[in-house]
């Protein structure tokens with residue numbers, strides 16, 4: 001497995017740490033991640049989490065932006081100012097800092113959502129609601145496509 005797949009919910013321990021799901025930890029180890037880069041998602045109460053490759057992807061995009069435009073400053077402020085590094089301890093746990101909690105609303109449990117090349121951290125109920133909305137949007141798109149293709153064949 002070379003993608004972050006599936007979802008899981010894990011409990012935060014008394015010291016404010018949560019175990020990253022085993023499959024996610026295994027992939028992080030395979031990719032050589034000792035630290036995780038986490039970025040507050042732009043339009044969701046979640047964090048996008050990956051290795052240095054995720055940060056480097058954003059920085060490559062930033063390098064292609066004209067440095068004299070406000071967009072470059074905005075992108076840098078976002079990628080660097082809204083990001084942080086998360087340390088995986090020896091047992092595969094990360095600490096749920098105020099930085100994470102303030103953006104996500106996480107209290108006692110953490111939702112992990114695979115996104116292929118990275119994963120997201122959510123408050124579990126918000127994650128469930130988001131997934132329901134995703135399914136509804138995709139179902140609507142499918143129905144619209146089917147209606148359009150059936151009308152074309154008549």
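In UniProt numbering, the protein residues as written are 1 to 154. Where a beta carbon is used, it is the ideal one built from N, C-alpha and C, also for glycine.
Burial state of residue 61, where buried means 16 or more other Cβ atoms lie within 10 Å: Your numbering for residue 61 matches position 61 in the chain shown. Label assigned to residue 61: exposed.
Member of 17, 40, 37 whose CA lies at the smallest distance from the CA of residue 95: As a first step, residue 95 must be located in the chain shown, where it is residue number 95. It is 17 whose Cα lies nearest to the Cα of residue 95.
Contact check, residue 108 vs residue 11, beta carbons under 8 Å: Start at 1 with the first residue of the chain shown, and residue 108 comes out as number 108. Start at 1 with the first residue of the chain shown, and residue 11 comes out as number 11. Taking 8 Å as the Cβ cut-off, residue 108 and residue 11 qualify as a contacting pair.
Limits of the beta strand (DSSP E) - the one that residue 53 falls within: Indexing the chain shown from 1 puts residue 53 at position 53. It is not in any beta strand (DSSP E) - residue 53 instead sits in the alpha helix (DSSP H) that spans 52 to 63.
Distance, residue 68 Cα to residue 115 Cα: Along the chain shown, read from residue 1 onward, the residue named residue 115 stands at position 115. Along the chain shown, read from residue 1 onward, the residue named residue 68 stands at position 68. If you take the alpha carbons of residue 115 and residue 68, they lie about 33 Å apart.
Exposed unless 16 or more other CB atoms sit within 10 angstroms - verdict on residue 49: Here residue 49 refers to the residue found at position 49 when the chain shown is read from its first residue. Residue 49 comes out buried.
Buried/exposed call for residue 28, threshold 16 Cβ in 10 Å: As a first step, residue 28 is located in the chain shown; it is residue number 28 there, counting from the start. Flag for residue 28 reads buried.
Of the residues 86, 90, 74, 91, the one placed nearest residue 98, counting alpha carbons only: Counting from one through the chain shown, the residue named residue 98 turns up at place 98. Of the candidates 86, 90, 74, 91, the one whose C-alpha sits nearest the C-alpha of residue 98 is 86.
Identity of the residue in 76, 142, 137 nearest residue 56 by Cα: Residue numbering aside, residue 56 sits at position 56 when the chain shown is read from its first letter. Answer by Cα proximity: 76.
Alpha carbon of residue 127 to alpha carbon of residue 63, nearest angstrom: Working through the chain shown from its first residue, we reach residue 127 at position 127. Working through the chain shown from its first residue, we reach residue 63 at position 63. Cα to Cα, the separation comes out at about 32 Å.
Secondary structure of residue 108, DSSP reduced to three states: Within the chain shown, residue 108 is the residue found at index 108, counting from 1. Here residue 108 sits in coil by DSSP.
Cβ-based burial, residue 144 [other Cβ within 10 Å; buried from 16]: Taking the first residue of the chain shown as 1, we reach residue 144 at position 144. Exposed, since its Cβ has fewer than 16 Cβ neighbours within 10 Å.
Range of the contiguous alpha helix (DSSP H) that encloses residue 78: By 1-based counting over the chain shown, the position of residue 78 is 78. Counting along the chain, the alpha helix (DSSP H) containing residue 78 begins and ends at 70 to 81.
CB contact flag (residue 104, residue 45, <8 Å): The residue you call residue 104 lines up with position 104 of the chain shown. The residue you call residue 45 lines up with position 45 of the chain shown. Contact: yes.
Straight-line Cα distance separating residue 150 from residue 74: Here residue 74 refers to the residue found at position 74 when the chain shown is read from its first residue. Here residue 150 refers to the residue found at position 150 when the chain shown is read from its first residue. Those two C-alpha atoms are separated by around 45 Å.
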